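See structure below.
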Amino acid sequence: MQTQAFAAATPTSPLALTTIDRREPNPADVAIDILYCGVCHSDLHTARGEWPGVLFPSVPGHEIVGRVKSVGTSVTRFAPGQIVGVGCMVDSCRRCAPCEQGHEQYCQGEHGFIQTYNGGAKGGTGNTFGGYSAHIVVDQDFVLAINHPEDQLAAVAPLLCAGITTWSPLKHWNIGPGKKVGIVGIGGLGHMGVKLAHALGAHVVAFTTSESKRADAHVLGADEVVVSRDADAMAARAGTLDFILNTVAVSHDLDAYTNLLTIDGTMVLVGVPAEPHPSPSVGNLIFGRRAIAGSVIGGIRETQEMLDFCAEHGIVSDIETIAIDTINDAFERVLRSDVKYRFVIDMETLEQAA
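In the working numbering, the protein residues as written are 914 to 1267.
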């Protein structure tokens, strides 16, 4: 099945209109007309070949909201006309212990989980193409129900990556009332971390390098805002935080934040820097029984839980909607952090770009 898409033909090519082949739907498949697709920094890294193993042409996009066009004969959970989402995964081995536990993002099968785009990089499948396209076909087990009102659907799209990336560690470490939580970085991920931690009932301390983000962080739900360049403000919060969600994807001093943890506190990293972080002080961890951990996206079950929670609490991302023919300019703006806080492509504009 042919469909129009925007793709990078090579690592140095701008994204441009092309035609790709989607598989014909199988009995367990859901065929989806894409309405909106969020723009993640990973899209840029992949389209420009900045990560190993990128297959070209590359069609990015793993924050997909669409309407079901048709379903296969064995599909029981979705129906034509229903609003659905597709996140960062479209398959996994489904047999290993993590998959059976609902943690498909940690699939230990031969090829790991299959990414929504560039899924062929680890072998075991042909390449996969993401949401910068008119249509997608996905197995029902990796499709998510969306219950937000239709006028919020564009702002729902980033929940499929930024939302679940922050929700999963918050839930795993039992964040809720009585917990004091730091969110480091107020960007695409961090702004969702603040919203979700606040909605879960935690006392939220937002950390930013930009004084200009102070007021915005309070609006997002932060109880306190600390400019991390202010040494006195950082020192005043030493040993006060139960948990820190660090969303910053550039190399930085982790000790500045582990110092803020209480005994038994944990800092979770969700940003992947191009260059490694400086090695943290072992003594700082040992003498406070503190921990540094990592987390990647979330399983299908917990992603559905996150979407339902957000629908119930009226939570969406703060976005700027764009036309798909401006995607190359949007990538440059992402590099300049010139977006508040996530771009979302209105896929109606794909037809206009043809």
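For glycine and all other residues, C-beta sits at the position ideal for the given N, C-alpha and C. These numbers were taken from a predicted model, which means no experiment stands behind them.
Using the C-alpha atoms, what's the distance from residue j back to residue i?
i       : j       : result
GLN1018 : LYS1035 : 14 Å
ASP942  : MET1260 : 21 Å
GLY1032 : THR1041 : 5 Å
ALA1115 : GLY1089 : 5 Å
SER1005 : GLY1025 : 6 Å
ILE1059 : GLY1207 : 27 Å
GLY1022 : CYS950  : 28 Å
ASN1172 : GLU1124 : 22 Å
ALA1151 : SER1194 : 15 Å
ALA920  : GLU1233 : 21 Å
ALA1112 : TRP1080 : 11 Å
LYS1084 : GLY1091 : 14 Å
ALA1010 : LYS1108 : 32 Å
VAL1139 : ARG1127 : 8 Å
ASP1143 : HIS1165 : 15 Å
LEU1182 : PHE1222 : 23 Å
THR1216 : GLU1013 : 15 Å
ILE1268 : VAL1097 : Residue 1268 lies beyond the residue range present for the chain, which begins at 914 and ends at 1267; the question has no answer from this structure.
TYR1030 : LEU928  : 15 Å
LEU930  : LEU1263 : 8 Å
HIS1061 : GLY1227 : 8 Å
GLY1095 : VAL1209 : 18 Å
ALA1149 : THR925  : 47 Å
MET1002 : THR1175 : 35 Å
Take residue i as the anchor and find which of the options has the nearest alpha-carbon.
i       : options                            : result
GLY1100 : VAL1247, ALA1187, ALA992           : VAL1247
VAL1252 : HIS1048, ASP1145, ALA922, VAL952   : VAL952
GLY974  : LEU1073, SER1164, ILE1077          : LEU1073
ASP1146 : THR1121, ASP1155, SER1164, SER1125 : The identity of residue 1146 in the sequence shown is Ala, whereas the question assumes Asp. Ranking THR1121, ASP1155, SER1164, SER1125 by Cα distance to ALA1146 puts THR1121 first.
VAL1069 : TYR1254, ALA1267, GLU1264, THR1262 : TYR1254
LEU948  : THR931, TYR1045, VAL1185           : TYR1045
ARG936  : ARG1008, PRO924, HIS1048           : HIS1048
ILE945  : MET914, GLU963, THR916, SER983     : SER983
ARG980  : GLY998, GLY1095, LEU1158, SER955   : GLY998
ASP1155 : ASP1166, ARG1202, VAL1163          : ARG1202
PRO1186 : SER955, ALA922, VAL1117            : SER955
GLU1188 : ILE933, THR916, THR923, TRP964     : TRP964
GLY1015 : PRO1062, ILE1077, GLY1211, VAL1132 : GLY1211
VAL1163 : PRO1191, HIS1226, ALA1130, ILE1176 : PRO1191
VAL972  : VAL1132, THR923, LEU1057           : THR923
GLN917  : ASP934, SER926, ARG1008            : ASP934
PHE1256 : ALA1075, ARG990, ILE1027           : ALA1075
Using three-state DSSP, classify residue i as helix, strand or coil.
i       : result
LEU1274 : In the structure as shown, the chain begins at 914 and stops at 1267. Residue 1274 is therefore absent and cannot be evaluated.
ILE1237 : helix
ILE947  : strand
VAL1209 : coil
VAL1107 : helix
VAL1093 : According to the sequence displayed, residue 1093 carries Lys and not Val. In this structure, LYS1093 counts as strand in the three-state DSSP scheme.
LEU1220 : helix
ASP934  : strand
ASP1242 : helix
THR925  : coil
VAL1229 : coil
VAL1247 : helix
THR916  : strand
Which runs of the beta strand (DSSP E) spanning at least 3 residues fall entirely within the segment 1117-1203, listed in chain order?
List check, beta strand (DSSP E) in window: 1137-1140, 1154-1159, 1174-1182.
If we require 4 or more residues per run, which alpha helix (DSSP H) segments fall completely within the segment 951-1028?
Within the segment 951-1028, the complete alpha helix (DSSP H) runs of at least 4 residues fall at 954-960, 1010-1013.
At least three beta-carbon pairs within less than 8 Å, the segment 1235-1246 to the segment 1047-1062:
With a cut-off of 8 Å on Cβ pairs, the segment 1235-1246 is not in contact with the segment 1047-1062, counting fewer than three such pairs.
Which runs of the beta strand (DSSP E) spanning at least 3 residues fall entirely within the segment 1043-1088, listed in chain order?
If we require 3 residues or more, the beta strand (DSSP E) runs fully inside the segment 1043-1088 come out as 1048-1052.
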